[in-house]
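Chains as they are written, first to last, in our numbering: chain A, 181 to 493; chain B, 181 to 493; chain C, 181 to 493. Glycine included, C-beta positions come from ideal geometry on N, C-alpha and C. Source: prediction; values computed, not measured. Take a look at the structure set out below.
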Amino acid sequence: AQTVSLYGLVDMSVGSFQAAGESKLKAAENGKMTTSHIGFAGTEDLGGGLKAKFALESFLRADTGKSARFDTDAFWARKAIVGLESATLGSLTLGRNTTPLFVSTVSYNAFGDSYGFSPSVRHYFVGALYGDSGWSNSALYTSPTWGGFSASALVNAGEGATGATGRNTSASVKYAIAGLSTMLTYQQVKNGVAVYPAGFEAQTTTQLNASYDFGVAKLFGQYGQVETDATVDVETRLFQVGASVPVGSGALLLSHGQAREEKGAATVTRKTTSFGYDHKLSRRSDVYAVYMNDKKTSLSSGNTFAVGLRHRF
Amino acid sequence: AQTVSLYGLVDMSVGSFQAAGESKLKAAENGKMTTSHIGFAGTEDLGGGLKAKFALESFLRADTGKSARFDTDAFWARKAIVGLESATLGSLTLGRNTTPLFVSTVSYNAFGDSYGFSPSVRHYFVGALYGDSGWSNSALYTSPTWGGFSASALVNAGEGATGATGRNTSASVKYAIAGLSTMLTYQQVKNGVAVYPAGFEAQTTTQLNASYDFGVAKLFGQYGQVETDATVDVETRLFQVGASVPVGSGALLLSHGQAREEKGAATVTRKTTSFGYDHKLSRRSDVYAVYMNDKKTSLSSGNTFAVGLRHRF
Amino acid sequence: AQTVSLYGLVDMSVGSFQAAGESKLKAAENGKMTTSHIGFAGTEDLGGGLKAKFALESFLRADTGKSARFDTDAFWARKAIVGLESATLGSLTLGRNTTPLFVSTVSYNAFGDSYGFSPSVRHYFVGALYGDSGWSNSALYTSPTWGGFSASALVNAGEGATGATGRNTSASVKYAIAGLSTMLTYQQVKNGVAVYPAGFEAQTTTQLNASYDFGVAKLFGQYGQVETDATVDVETRLFQVGASVPVGSGALLLSHGQAREEKGAATVTRKTTSFGYDHKLSRRSDVYAVYMNDKKTSLSSGNTFAVGLRHRF
């Protein structure tokens with residue numbers, strides 16, 4: 181028995197967008213709350229508690245009609261995997277897998293996987309990190325949950341690509357019980373970097389995450405370190421705190437993040453604060469309004485205000 | 181409740197193709213009657229007469245297996261939208277929307293949206309017009325029908341793109357009662373032009389459309405003006421008349437269009453006449469045979485003859 | 181009545197890969213047993229034994245998340261057709277069709293359509309042949325089966341493409357009865373060549389195929405000649421023998437192929453032997469382990485060992 185599902189998400193917003201040091205841009209934008217995508221996935225029951233599964237997921241830009249996140253991005257960049265899953269032994273998938281660090285980063289901040297508004301996503305994935313939110317040529321192991329604990333491990337093959345210095349590796353451990361959830365994530369990147377810095381050897385990231393749901397509010401906290409070994413070493417320390425406060429059929433969202441980068445004698449600090457309201461029209465559809473303030477050492481402050489519609493299918 | 185539908189169309193024809201001034205080409209061609217495409221769309225009932233909806237539509241070239249209409253075209257160029265729809269207030273969609281001018285142009289000629297054979301589509305969309313049949317970064321409002329009247333309005337954000345001089349805007353009003361249908365469409369293009377002429381400011385188009393269905397024949401008429409404000413202004417006047425005559429389980433199709441372009445002292449007139457028979461094998465599948473004669477000032481006449489198969493899924 | 185189906189296959193393997201004359205590469209690879217793909221197809225019953233049908237099939241690379249087989253490949257390169265099918269008269273499809281030579285090559289060797297491990301596929305389609313496994317701008321006729329006989333014929337339009345010297349043509353005849361299956365395939369390529377050799381006129385291929393299923397083993401044999409008419413003529417003679425031996429819920433696979441190329445005074449011979457075990461987890465999912473030895477005149481021998489997972493959906 182096999183069922184293939186077609187699913188995805190389209191997110192469009194309008195507003196005035198401005199990162200630190202940039203000029204204001206009035207625009208209709210794709211995927212600021214969640215990057216729009218379409219996917220195909222299925223699970224086949226093989227009997228004996230074993231399943232085969234696949235997933236193919238493609239980012240898209242609804243504002244221009246383009247596929248992928250940027251013009252040189254892979255069509256199925258979001259995910260392209262085939263694997264086996266056992267209820268008792270866990271899951272092993274091969275292909276292009278999502279990284280544990282992306283999962284932890286988006287799971288412990290109030291704005292989730294928002295490339296437009298989440299200080300965490302912006303400071304890690306459009307900031308300090310080398311390597312993408314998904315790794316090509318990779319194998320991902322995800323454990324079942326044992327008494328609140330679960331773990332995942334990801335490794336890829338450098339495959340002799342230009343600039344690669346070896347395999348990428350990552351692991352995360354999660355503990356969740358009652359309202360508490362914590363996750364420790366480690367990753368080391370040696371390949372898949374878009375533009376390698378001179379003398380690049382590796383980039384190592386450690387991140388500690390926690391959230392607690394008090395009912396009247398869910399609090400989030402993250403602390404991380406990103407160290408790049410190259411001719412000039414770079415070290416970035418990042419933290420983020422925030423909250424999601426249920427109001428009516430929606431929630432007030434708040435997140436403040438800081439990233440302090442030391443590169444030789446130079447120190448640059450980025451401080452980003454986002455505040456928004458996400459109103460659920462249904463389980464699949466929501467409208468949102470967000471204000472974001474973005475500051476960076478020696479740059480003018482940026483202010484973004486946007487309203488948008490997000491629909492899952 | 182949500183249903184996602186997968187749909188599309190594949191159209192292939194074989195024949196001898198020749199536009200005015202070109203040499204004959206014997207070829208197997210994609211999408212001459214309707215541009216082939218595949219789409220995914222869905223509507224979610226939010227209650228209270230409100231719906232959320234999305235659509236992602238991708239052109240394709242079945243003759244070569246390529247995606248999109250041309251090599252630099254966006255994958256989801258046909259449509260990429262998310263929106264809300266109210267039975268009483270109308271629909272608002274954000275993303276890449278189809279223009280009202282494309283809708284009116286294809287709705288009031290016997291060859292519909294045929295880029296291969298419709299004089300109207302060829303004279304406007306591969307001729308006089310700047311701007312595509314879909315606008316990126318746009319918001320489309322479509323009204324309900326009030327006593328035969330309906331309207332739509334489309335605006336996009338220039339978003340500071342190179343060469344853009346501002347927003348694109350468009351509006352159309354339709355009146356349909358019994359066999360009569362009329363539509364007035366206006367659009368002004370200030371961005372999204374593939375190659376900007378020197379000193380480009382804006383291109384303004386006004387188009388009046390009418391059709392009347394006598395039963396034994398449906399008659400079509402279109403008149404339009406396209407004015408380009410640039411260092412050298414260009415004005416094109418276009419008209420088209422035609423008919424669709426039901427015969428057996430198909431229809432004879434006839435359309436004649438003229439486009440007279442004045443650019444400084446130079447005047448160029450294009451006259452295109454298409455005649456065909458479209459035979460329905462079912463509601464979804466049809467075969468067609470078309471002859472087209474294409475004349476343009478100071479160029480040799482072009483003659484096209486093609487037979488094809490079109491299948492909707 | 182119309183049903184659209186969504187289907188495809190994802191194949192990933194890990195191992196050490198080495199063709200003759202190359203260095204070993206440890207890698208996680210896509211589609212070595214079957215090239216990964218996703219497709220959409222449907223059939224509409226038109227009544228009277230007639231059906232309309234379409235198919236759109238897209239290769240993909242699950243290891244990197246890229247679409248298509250290589251970066252300049254067409255998105256729907258696997259197949260993009262629309263056509264009519266009659267139970268008594270056969271099927272005619274227009275668009276980008278799979279060639280009869282690809283069908284015969286993959287049908288009469290134990291490793292099927294494996295670009296990674298099948299000596300036949302490698303010697304023909306990544307070796308001696310010009311022209312792809314699918315032809316653009318083509319019409320394919322496929323006959324019904326008459327007393328064990330069936331036939332297909334494919335022709336495409338050169339359409340004046342650069343370097344093209346005319347139409348491509350192909351035909352195959354198949355006879356299958358009881359455990360025996362034989363197929364004779366002919367093709368001549370005059371267009372669609374990626375890089376034309378100097379003075380190219382045409383490439384003509386003749387291939388004779390046979391298989392016999394003894395129950396305890398299925399034997400395969402292929403003999404072919406590929407002649408290229410150009411300033412310097414090239415003639416390649418190819419043969420392949422192999423077997424598939426059912427073992428448990430899987431099969432042992434064996435194939436040995438040779439390709440001897442004569443170009444002027446130079447003769448180059450490639451000898452490839454593959455041995456593997458394919459274990460079926462279900463009708464749709466299998467795991468495999470393959471060893472391949474690849475030799476080529478004056479090059480060092482290559483040895484590949486890979487294990488993989490293939491899932492059809």
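Residue i burial status per 10 Å Cβ neighbour count (16 or more: buried)
i: C/K206; result: exposed
i: C/S332; result: buried
i: B/F305; result: buried
i: A/A267; result: exposed
i: A/K204; result: exposed
i: B/G263; result: buried
i: A/T325; result: exposed
i: C/S429; result: exposed
i: B/F394; result: exposed
i: B/V375; result: exposed
i: A/P426; result: exposed
i: C/F493; result: buried
i: A/S357; result: What sits at residue 357 of chain A in the sequence shown is Ile, not Ser. Exposed, by the Cβ-count rule.
i: B/V190; result: buried
i: C/P337; result: Just to set this straight, residue 337 of chain C is Ala in the shown sequence, not Pro. Buried.
i: A/L269; result: exposed
i: C/D458; result: buried
i: A/A445; result: exposed
Per-residue DSSP class, three states only, for residue i
i: A/P377; result: coil
i: A/G340; result: coil
i: A/S287; result: helix
i: A/A446; result: strand
i: C/A469; result: strand
i: A/A439; result: strand
i: C/A200; result: coil
i: C/A382; result: strand
i: B/A410; result: coil
Those residues which DSSP pairs with residue i across a bridge
i: B/W315; result: B/N277
i: B/H303; result: Bridge partners of B/H303: none, in fact.
i: A/Y355; result: A/F329 and A/T362
i: B/L418; result: B/G404 and B/A439
i: C/S424; result: C/K398 and C/L433
i: C/Y295; result: Answer by DSSP bridge pairing: none, since C/Y295 is not bridged.
i: B/F485; result: B/S196 and B/Y471
i: A/Y321; result: A/L272 and A/A333
i: C/T349; result: C/V335 and C/Q368
i: A/A390; result: A/T362 and A/G401
i: A/F179; result: Because residue 179 of chain A is not part of the residues shown, which for chain A are 181 to 493, the question remains open.
Any non-hydrogen atom of the ligand PLP closer than 7 Å to residue i Cβ
i: A/Q368; result: Annotation note on the ligand PLP: not contained in the displayed structure, which lists no ligands.
Short-range partners of chain D found in the segment 258 to 277 of chain A, where Cβ spacing is below 8 Å: Protein chains A, B and C are contained in the structure displayed, whereas chain D is not.
Inter-stretch contact (C-beta, 8 Å, three-pair minimum) for the segment 290 to 300 of chain C and the segment 207 to 222 of chain C: yes
Alpha helix (DSSP H) runs contained entirely in the segment 203 to 288 of chain C, provided each spans 4 or more residues: 280 to 287
Touching by the beta-carbon criterion (3+ pairs, under 8 Å), the segment 466 to 486 of chain B and the segment 183 to 191 of chain C: no
Segment contact flag, the segment 471 to 479 of chain B with the segment 221 to 234 of chain C, C-beta cutoff 8 Å, min 3 pairs: no
Touch test, the segment 477 to 484 of chain C against the segment 189 to 199 of chain C, Cβ-Cβ under 8 Å, three pairs minimum: yes
Sufficient close CB pairs (3 or more, under 8 Å) joining the segment 273 to 289 of chain A to the segment 395 to 405 of chain A: yes
Touch test, the segment 447 to 459 of chain B against the segment 311 to 323 of chain B, Cβ-Cβ under 8 Å, three pairs minimum: no
At least three beta-carbon pairs within less than 8 Å, the segment 245 to 253 of chain B to the segment 268 to 279 of chain B: no
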